[in-house]
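Below is one structure, written out as structure tokens; the observations come after it.
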Amino acid sequence: MNNYLTIDELKSFMGDRWSDQFEDMAETWLIPYGSSGLRQFFKNVSLSLDDMIESGEIELIVVKSVLAEMIASSLEAQSDNLPFGDVSQMSQSAGGYSISMSGLSGTNLYLKKAQARILGLPSMTISKLTIN
461 MNNYLTIDEL KSFMGDRWSD QFEDMAETWL IPYGSSGLRQ FFKNVSLSLD
511 DMIESGEIEL IVVKSVLAEM IASSLEAQSD NLPFGDVSQM SQSAGGYSIS
561 MSGLSGTNLY LKKAQARILG LPSMTISKLT IN
């Protein structure tokens with residue numbers, strides 16, 4: 461199966477956020493794994509992403525954009541520029557509000573609800589692909 465995104469397209473998408481240290485992980489793992497993961501999300505609801513692209517039901521540029529966003533988020537999570545540093549766990553509450561974070565790892569790809577809607581997937585919870 462072909463990947464939906466090239467390394468050059470990812471670099472272009474990320475612009476100033478791109479770092480050469482990302483290249484090997486993105487090209488070797490995240491792009492192929494993310495492409496296969498998107499295919500699997502569609503298979504899980506008895507759809508074929510490749511067929512939908514071929515028929516024009518979904519534009520390839522939309523798939524590229526969603527995948528690039530997923531990968532960029534993952535790559536940025538492993539950089540030193542995280543707003544909370546290397547978060548492994550955090551919990552904070554005040555009054556009736558609370559925030560909880562855990563495990564920001566560069567080996568996870570997340571398909572957010574908004575991204576799933578853009579792709580035409582039915583409602584689902586945020587989905588995570590983990591690379592071990």
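Numbering (the working numbering), first residue to last: 461 to 592. Glycine included, each C-beta is placed from N, C-alpha and C at the ideal position. For clarity, every value in this text was computed on a predicted model and none was experimentally measured.
Three or more C-beta pairs below 8 Å linking the stretch 521–528 and the stretch 475–482: No, the stretch 521–528 does not touch the stretch 475–482.
CB contact flag (residue 509, residue 498, <8 Å): It is a contact, given that the beta carbons lie within the stated cut-off.
With a threshold of 8 Å on Cβ separation, who are the neighbours of residue 520 within its own chain once the five nearest residues in sequence on each side are excluded? Contacts found: 464, 513.
Rounded to a whole number of angstroms, what is the C-alpha to C-alpha distance between residue 487 and residue 470? Taking the straight line joining both Cα atoms gives about 9 Å.
Helix, strand or coil: how does DSSP classify residue 464 here? Residue 464: coil per DSSP, three-state reduction.
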